[in-house]
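Below is one structure, written out as C-alpha cells; comments come after it.
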Amino acid sequence: MIPNRSPWLAQLNRSRPAVPLAQDTATDVVIVGGGIAGAVTAYFALKNTDSSVVLLEADRVAHGATGHNAGQITSYFERPFESIVQEFGLELASAGQRAVESAWGLLDEIMADAALRTPVYRFTGHAGCSEFEQLVEHLEENKDRAAAGLAPESVLIAKESNWENALPLFYKDLYSVVPQDDLLALLETDDRRYLACIASQKGCMNSAVFTEELMGYLMASYPGRFSLFEETMVTKVTLSEDRALLQTKQEHTVEALRVVLCTNGFEQFHIENVSGSDINTKFHHLVQGRIGYMAGYLESMNAAPTAISYFPKGIPETGDPTGETYFYLTRRPHGEDEGVAKNLVCAGGPEQVLPNQAHYTREEHCREDVRESLDEFLRTTYHHHPGPDAEYAFCWHGLMGYTPGGLRRIGAEPCNPVLLYNLGCNGVGILPSIYGAKRIARILSGETPERSIFDPIDQRCPI
Ligand SMILES: Cc1cc2nc3c(=O)[nH]c(=O)nc-3n(C[C@H](O)[C@H](O)[C@H](O)COP(=O)(O)OP(=O)(O)OC[C@H]3O[C@@H](n4cnc5c(N)ncnc54)[C@H](O)[C@@H]3O)c2cc1C
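Have a look at this one:
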C-alpha cells in the first residue's frame, strides 16, 4: 500500500506549534481556510485595509489542495474561452482572462514585499496535440484571444502533418510551420504522434511552502491585527444583517463583520442566513469534487524547469482514472539527495469525479494502478524517462472543486453580502486564488469592483 505522500508537504519545514482557538473572540474579518486562497486573502486584507483579521483552519495551514496539487502556475481556464465569451460577451470574458493573468504581477508583489524565499520558476511551457481537432480548438481560442486584445499563444504545426493545408485561411496568422523534430524537441518526446505544439507562459512553485512562509510573514508583520488558529474547524456560520457568528467544533465563537470562505468548497458546515433567503442548500451544491492523481520521482539535475502537457488521441471527459487521459509533467529543482542536487519530475492527468455526497479522505492510499499508468506515460513519452531504478518517492492525490460554470467564485454573496467567497479551483487555482484575494480586499475596503465573470449570482437576490 502506498501512502498519499505529496512532495510539497515533504518540503514544509515548520517548527511552529498549531494553536487552536481557545476562547470566544471578535474581529473585523474572519477568513475560513488556510490554503493559498486564505493566506493571500489575509495578506491583501491586511495590506489594503485597516481591518483586523482572524484566519481559521480546520487542519494545518496548506494541507488541503494547496499541499496536494500539481504545483504548476498557469492562467488558462479549464473551460474553453469561446464558451465564456458566449456566456458573458467578449469584453467581460477578456477582462476575466486579464484578471487571472494579472496575478503574475500580484505574485511578484507578494514575493518582494514579504521577502519570501520560496522558489518560483518561470518559463515557456508547451502542450502537444496529436489530433487535428485539438489544434483547431487551440487556434479558435487564439482567434478569440486576438479579438479580445489578449496576447495570442504561439502555435507550431509540424510540416510533415499537412494539417496546414486543411486549415481555413482565417487562421493563417495564428501559427507557424516547423519541422516535426523541432516541435518534438520542445515537447521533450520522440513520440511522432504529436504534430502541433502550443507555447505559453507557465511556472512552478510549491504552493504549500509559499503559503506557510506567507503565514509566518503575516504573523510577524501584523501581530496586533492578525491571528491564525489551526485545528479549528468551523461547524456553523450564522449570518445576520451586519455581522456573522461562527461556531467551531471546540464550541468557541468568532464574531465578525465579514466572513470570507476560502475553503475550496468542501467545508462541511451549515450556513444560516437569518437576514434573507436560504444560502445553505444552494451553497452546498455549488461545488462538485474531482480527485486528481499524481506521482513524482527524483532524478539528477539534467535539465531546466518546465511544464509540458500531452493530448493523446481520443481523450474521454472523465471516468476511470487509469483510462486514456491527457497527461502533464513538470520538472523543477527539489533540493539535494545525499549532497547531489536533484530535479523532481511529476506527472499527472488521471482524474475521477467524486460522486455527489461521497466523502473524500486525504488518508486514502495512493492507487498503485494509477501510478503505473503515469509511469507508463513517462516511459513511452518523456525524453529523459525514468531510469530502470527510478523510485517514485511521491505519489499523491488531492481534491479539486468544480463550480457549475467552471469559473472561480469571487465576491459577496448576493443574498447576504456579509458573506464573501474566494473558492472553486476548477482545476487551476493558484493564480485565480491570488487574483481573487486582491479583489476581495477591494470589496473589504469599501470599493464596488467592476462586474466580472467571477461574481456570485443568485436570481433570488439581484444586486
Ligand atoms: C490534484 C490537484 C491538482 C492541482 N493542480 C493545480 C495546478 O497545477 N495549478 C493550479 O493553479 N492549481 C492547481 N490545483 C488547484 C490549486 O491547488 C488550488 O486551487 C489552490 O491550492 C487553492 O486552494 P485553496 O486555498 O482554495 O484550497 P485548499 O488548499 O484546499 O484550502 C482550503 C482549506 O480550507 C480548510 N477548511 C475547509 N473547511 C473548513 C472548515 N469548516 N473550517 C475550517 N477550515 C476549513 C481546509 O482544511 C483547507 O486547508 C490543483 C488542485 C488539486 C487538488
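Count the sequence shown with the numbering used here and you get residues 10 to 472, in order. Glycine included, each C-beta is placed from N, C-alpha and C at the ideal position. All of these numbers come straight from a predicted model, not from anything done at the bench.
Q: Give the DSSP bridge partners of Lys351, in chain order.
A: Ser309
Q) At a cut of 8 Å, does the segment 386-403 reach the segment 100-118 through at least three beta carbon pairs? A) no
Q) Should the segment 296-306 be called in touch with the segment 356-374, which here means at least 3 C-beta pairs below 8 Å? A) yes
Q) Does ligand 1 have a heavy atom nearer than 8 Å to the CB of Met303? A) yes
(Q) Please classify Ser103 as buried or exposed, where buried requires at least 16 other C-beta atoms within 10 Å of its C-beta. (A) buried
Q. On the premise that Arg107 lies in contact with Leu159, defined as a C-beta separation below 8 Å, what is that separation, rounded to the nearest angstrom?
A. 7 Å
Q | Range of the contiguous alpha helix (DSSP H) that encloses Asn431 | A | Looking at the DSSP string, Asn431 is not in any alpha helix (DSSP H); the run it does join, the beta strand (DSSP E), is 428-432.
(Q) I believe Thr241 touches Thr257 by the beta-carbon criterion, under 8 Å. Please report the beta-carbon distance rounded to the nearest angstrom. (A) 5 Å
**Q.** Pairwise C-alpha distance: Phe275 and Lys245
**A.** 13 Å
Q) Does the separation of the CB atoms of Thr389 and Asp200 fall below 9 Å? A) yes
Q.
With distance defined between alpha-carbon atoms, name the residue in Gly43, Phe463, Ala229, Gly420 nearest to Glu456.
A. Gly420
Q | Alpha-carbon to alpha-carbon, Ile45 and Lys181 | A | 41 Å
Q. Near Ala155, what residues of its chain come up, given a Cβ to Cβ distance below 6 Å and the 5 sequence neighbours on each side ignored?
A. Pro161
Q | Rounded C-alpha distance that separates Tyr337 from Thr133 | A | 14 Å
**Q.** Asn78, buried or exposed, once every other Cβ within 10 Å from all chains shown has been counted against 16
**A.** buried
Q) Within this structure, are the beta carbons of Val38 and Leu453 separated by less than 9 Å? A) yes
Q) What is the rounded straight-line gap between the Cα of Gly414 and the Cα of Gly348? A) 48 Å
Q. Out of curiosity, what's the CA-to-CA distance linking Val187 and Trp405?
A. 37 Å
Q.
Taking the alpha carbon of Ala124 as the reference point, which residue from Ala205, Ala229, Glu459 has its own alpha carbon closest?
A. Ala229
Q: May I ask you to report which of helix, strand or coil DSSP gives Gln468?
A: coil
Q: Report, in whole angstroms, the separation of the C-beta atoms of Gly233 and Met409, which I expect to be a contact under 8 Å.
A: So it is not a contact: roughly 36 Å between Cβ atoms.
Q) Going by the CB atoms, is the gap between Ser286 and Asp467 shorter than 9 Å? A) yes
Q | Val218 and Tyr430 closer than 9 Å at C-beta | A | no
Q. How would you label Pro314, buried or exposed, when you count the other beta carbons within 10 angstroms and need 16 or more for buried?
A. buried
Q. Opposite Phe179 in the DSSP bridges: which residues?
A. For Phe179, which the question treats as bridged, DSSP gives no partner whatsoever.
Q) Between Lys322 and the rest of its own chain, which residues show a CB-CB distance below 6 Å, the 5 nearest in sequence each way excluded? A) Ser139, Glu140
Q) With respect to 8 Å, is the separation between the Cβ of Gln277 and the closest non-hydrogen atom of ligand 1 below this value? A) yes
Q: Output yes or no for whether 9 Å exceeds the beta carbon distance between Phe278 and Val63.
A: no
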